[in-house]
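Protein chains in written order, with this note's numbering: chain S, 1 to 325; chain A, 1001 to 1349. Quick reminder that beta carbons are idealized off the backbone N, C-alpha and C, glycines included. Fair warning: this is a prediction, and the values are worked out from it, not measured in the lab.
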Amino acid sequence: MSFDVVLRSIFSAAFLASVLRISTPLILPALGGLITDLSGAINIALEGIMLVSAFTGVIVSAYSGSVGLGVIAGVISGILISYVLGWFHLHMKTDIILAGIAINILATGGTIFLLFVLTGDKGNSQSLASGTVPNIHLPFIQDIPFIGRVISGQHVFVWIAFLLTWLVAVYLYRTPWGSHLRAVGENPDAAETMGINVNRTRMIALLISGFLASFGGLTMSMAYLSFFQREMTAGRGFIALAAVYLGGRKPWGTLAAAILFGFADALSHQLGSLRVPSQLVQTIPYVVTILALVIYNLREQAIKRDRQRKFYEQQQAEMGSGGGL
Amino acid sequence: MKQKLLVLFSFVLLVSMVLVACAPAAPADPVDEDEDVIRVVHLVNGVLGDKSFFDSADRGLRWVVDDFPQVQVNTIEAGIDPARWQAALEDAAANEEYDVMILGTFQMSEFLERVAPQYPDKYFIIYDVSVDYDLGNLDNVYSVLYKQNEGSYLAGVYVGLMSETGVVGVVGGQDIPVINDFIVGYEQGAREHGVESVIVQYAGGWNDPARGKELALAMYQQGADFVFQVAGGTGVGVFQAAQEMDTFAIGVDSDQAVIIAETDPDQAEHIPTSMLKNVDNSLYRAMSMFIEGTLPFGEAEFLGVAEGGVGLARNEYYERITPDEVKETIEQVEQDLLDGNIVVDTVFN
């Protein structure tokens, strides 16, 4: 494949559309990871929750014939799984990392087992006629040359991902519950003395993360693809956790980090067409991550230095004026 | 307290004694009395349900069980974690009751080279790879390989004749010799029949259909109108991409259009043919020869188009989508392969 064709594909509307498509199942669980991380009880079971929701959504929509019921069941299953995680961690005092690993293993094996019981197939659910969520075609906007092809025709979860990012930002920084949650994460003892129920706050954070991650799972099986396949989340729940930290533990930062991962992935798909070693192309997402971390840290340090310099100058000025008196 | 501990201890002792007493009774299993029974263990270093490679092997063994009632097959799935495969083979070789152990893939050949000499009275059949017979001591191992390059050459000729854009793609699961053997054959066939550009991409895994879909979409976007998938479970996403873009995909290993048609006839319309790698036939053939006592242990066999090891699927979709002159050319090329008039490139020597 010649270089100019690849270049043209990268600067096309279809490429940006694919970035959004690839990012969505990262953004949603990443938001869930963010909330639990800020509450001090990090949910590393995002991967397992996504799998269970992806599976439940497909099964319920196939047997009920209703996409809506499938989505609702998928979300409920995700919340239930995170309740189990919360119960083990907050009531039974299990280490949350340990409980999270257990849930991930349970989800991998459990979904395959139930898939086999229900369909007699250990690979995927293609023998079931499950539904998919609708794509949103925006009137007027879809006629705009470039932008129309990027944002119109995407499935509904892409929009939900952006909407939920905004809602999470509002929840965390504009509501009392959000400040309680952050207080619990910063210093649980201090929050406790202020009368905040630490366990309840963390449980709520875990339940919300289950809600958010379940949309990520449903994106995989009811929007991106139209079936459930064993282990189909393929590590996205863990990449989402990386996005939380790359995004500086902020909602919009997390969204940007998830989109960066999506971009790197989409880029590797396009560049892979060139005759370069496949191993090199497959490193692109990781190289981009490291570069982003370096840039982020350099910027943070620059800001810190800047602040220190200003503080020093201010002090100098104050001392200077003080000396004059 | 002490008394309770004593009671507990004696209880544990009692239970373990009962268990020990039970142990020697196990070999009295009626199966062992029967000398004619052939016990087969199929060790899958992965999982069933991939709709292609391992499912094909499993299907072949089920045919064996149907036709030869004296054969009993026990399947062990070792899972997708490669770190556990060696242990799974060693455990199965030491602990299972079997006469013949069947396993596949190049990842297992080195492990088998070490394990097989330890059990000289057992037989081993390994498919899709050959053990290194120069090591000696491997007289109880039969290896069967497939000329996937020949089958893929046919698929390449097919897309070469069918492609309108002159650009075709192939999605491989991993950058490994067996997969590259598919790809060189495909590329050769396609280029000899008018394709200018063959896009090659590897998904880096066998169980990520979303990635398979995305890779195929990128290829279709870059002008490809046919994409050949050699990526197991990842490849299922390639079919969805073909359906979405209203282009074509070529299946692999099994007749995938027929499998998919059961639930999604519309998607099957986008899979005009599949490159068959008849693991099922080869294992059925091997087991029937084993029963006859003619299976050549200590050797490797290559099955190509001539032996029915590989080929193109000719189902209703193929018949409907393919123009007659293309069908004729495919038959001609197939004949040339049989006669040895065409030599297909390979990554193996």
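Excluding the five sequence neighbours on either side, which residues of its own chain have a C-beta within less than 6 angstroms of the C-beta of Leu-1103(A), listed in chain order? Numbered from its first residue, the second sequence carries residue 1103(A) at position 103. So the qualifying residues of the chain are Leu-1043, Ile-1126.
Hey, is the region 1270-1280 of chain A in contact with the region 1304-1314 of chain A, meaning 3+ C-beta pairs nearer than 8 angstroms? yes
Cβ neighbour criterion (16 or more within 10 Å) applied to Ala-317(S): The residue you call residue 317(S) lines up with position 317 of the first sequence. By the neighbour-count rule (16 or more Cβ atoms within 10 Å), Ala-317(S) is not buried but exposed.
For chain S, check one thing: does any of its Cβ atoms lie closer than 8 angstroms to the Cβ of Val-1210(A)? In the second sequence, counting from the first residue as 1, residue 1210(A) sits at position 210. As written in the sequence, residue 1210(A) is Ala, which differs from the Val given in the question. So, interface residue.
Is any beta-carbon of chain S found at less than 8 angstroms from that of Thr-1165(A)? The residue given as residue 1165(A) occupies position 165 in the second sequence. Taking Cβ atoms only, chain S never reaches closer than 8 angstroms to Thr-1165(A), which makes this a no.
Contact set between Lys-122(S) and chain A, taken where Cβ atoms lie within less than 7 angstroms: On the first sequence, position 122 is the one that residue 122(S) refers to. The answer, in chain order, is Val-1047, Leu-1048, Gly-1049.
Below 9 angstroms on C-beta distance, what does Val-5(S) contact in chain A? Counting from one through the first sequence, the residue named residue 5(S) turns up at place 5. Per Cβ cutoff of 9 angstroms: Val-1167, Ser-1197, Gln-1222, Gly-1223.
Can you tell me whether Met-222(S) is helix, strand or coil according to DSSP? Within the first sequence, the letter at position 222 stands for residue 222(S). It is helical.
With a threshold of 16 other CB atoms inside 10 Å of the CB of Met-92(S), please say whether the residue is buried or exposed. Position 92 of the first sequence, counting from 1, holds the residue named residue 92(S). Met-92(S) should be labelled exposed.
Between the alpha carbons of Gly-185(S) and Gly-178(S), how many angstroms are there, rounded? Sequence index remark: in the first sequence, residue 185(S) carries index 185 (1-based). Sequence index remark: in the first sequence, residue 178(S) carries index 178 (1-based). So the alpha carbons of these two residues sit roughly 11 angstroms apart.
Can the beta-carbon of Ser-209(S) be found less than 8 angstroms from the beta-carbon of Gly-40(S)? The residue given as residue 209(S) occupies position 209 in the first sequence. The residue given as residue 40(S) occupies position 40 in the first sequence. No. Outside cutoff.
Straight-line CA distance for Asp-1050(A) to Phe-1106(A)? Here residue 1050(A) corresponds to residue number 50 of the second sequence, with the count starting at 1. Here residue 1106(A) corresponds to residue number 106 of the second sequence, with the count starting at 1. Going by the C-alpha atoms only, they are around 18 angstroms apart.
Could you check what DSSP says for Tyr-1119(A) in three-state terms: helix, strand or coil? Within the second sequence, residue 1119(A) is the residue found at index 119, counting from 1. Three-state result, Tyr-1119(A): coil.
Buried or exposed (CB count within 10 angstroms, at least 16 for buried), Pro-25(S): Your numbering for residue 25(S) matches position 25 in the first sequence. Buried, because 16 or more other Cβ atoms sit within 10 Å of the Cβ of Pro-25(S).
Whose CA, out of Ser-221(S), Phe-238(S), Gln-301(S), lies closest to the CA of Gly-74(S)? For the purposes of this step, residue 74(S) is taken as residue 74 along the first sequence, with counting starting at 1. Among Ser-221(S), Phe-238(S), Gln-301(S), the Cα nearest to that of Gly-74(S) is on Ser-221(S).
What does a CB cutoff of less than 7 angstroms around Gln-1070(A) pick up in its chain, not counting 5 residues either side in sequence? Taking the second sequence and counting its residues from 1, one reaches residue 1070(A) at position 70. Asp-1036, Val-1037, Ile-1038, listed in sequence order.
So is Pro-1120(A) buried or exposed if we call it buried at 16+ other beta carbons inside 10 Å? Reading the second sequence from its first residue, position 120 is the one you call residue 1120(A). With fewer than 16 Cβ atoms within 10 Å of its Cβ, Pro-1120(A) is classed as exposed.
Collapsed DSSP secondary structure at Met-1287(A) in the structure displayed: Here residue 1287(A) refers to the residue found at position 287 of the second sequence. Of the three classes helix, strand and coil, the one that applies to Met-1287(A) here is helix, per DSSP.
What is the C-beta distance between Phe-11(S) and Asn-124(S), in whole angstroms, given that I count them as a contact (C-beta under 8 angstroms)? As a first step, residue 11(S) is located in the first sequence; it is residue number 11 there, counting from the start. As a first step, residue 124(S) is located in the first sequence; it is residue number 124 there, counting from the start. About 35 angstroms; that fails the 8 angstroms criterion.
So, do the region 53-69 of chain S and the region 289-305 of chain S have three or more beta carbon pairs nearer to each other than 8 angstroms? no
Going by DSSP, name the residue or residues bridged to Ala-234(S). Against the first sequence, residue 234(S) aligns to sequence position 234. Paired residue(s): none; Ala-234(S) is not in a bridge.
Measuring alpha carbon to alpha carbon, tell me which of Val-1115(A), Phe-1248(A), Ile-1176(A) ends up nearest Asp-1128(A). Translated into the one-based positions of the second sequence, residue 1128(A) becomes position 128. With distances taken between Cα atoms, Asp-1128(A) lies closest to Ile-1176(A).
May I ask which residues mark the beginning and end of the beta strand (DSSP E) holding Glu-1077(A)? To locate residue 1077(A), count along the second sequence from 1; it is residue 77. Glu-1077(A) -> beta strand (DSSP E) spans 1071-1077.
What does the Cβ neighbour count give for Asp-1345(A), buried or exposed, with the cut at 16 atoms within 10 Å? As a first step, residue 1345(A) is located in the second sequence; it is residue number 345 there, counting from the start. Flag for Asp-1345(A) reads exposed.
Just reading off the alpha helix (DSSP H) that Val-19(S) is part of, what are its end residues? Sequence index remark: in the first sequence, residue 19(S) carries index 19 (1-based). It spans 13-39 - the alpha helix (DSSP H) in which Val-19(S) sits, taken as one unbroken run.
Measuring CA to CA, which of Met-1108(A), Asn-1074(A), Val-1065(A) is closest to Ile-1080(A)? By 1-based counting over the second sequence, the position of residue 1080(A) is 80. Closest option to Ile-1080(A), Cα to Cα, is Met-1108(A).
From Ile-42(S), Phe-3(S), Asp-4(S), Val-19(S), pick the residue whose C-alpha is nearest to that of Leu-241(S); which is it? The residue you call residue 241(S) lines up with position 241 of the first sequence. The residue with the shortest Cα to Cα distance from Leu-241(S) is Ile-42(S).
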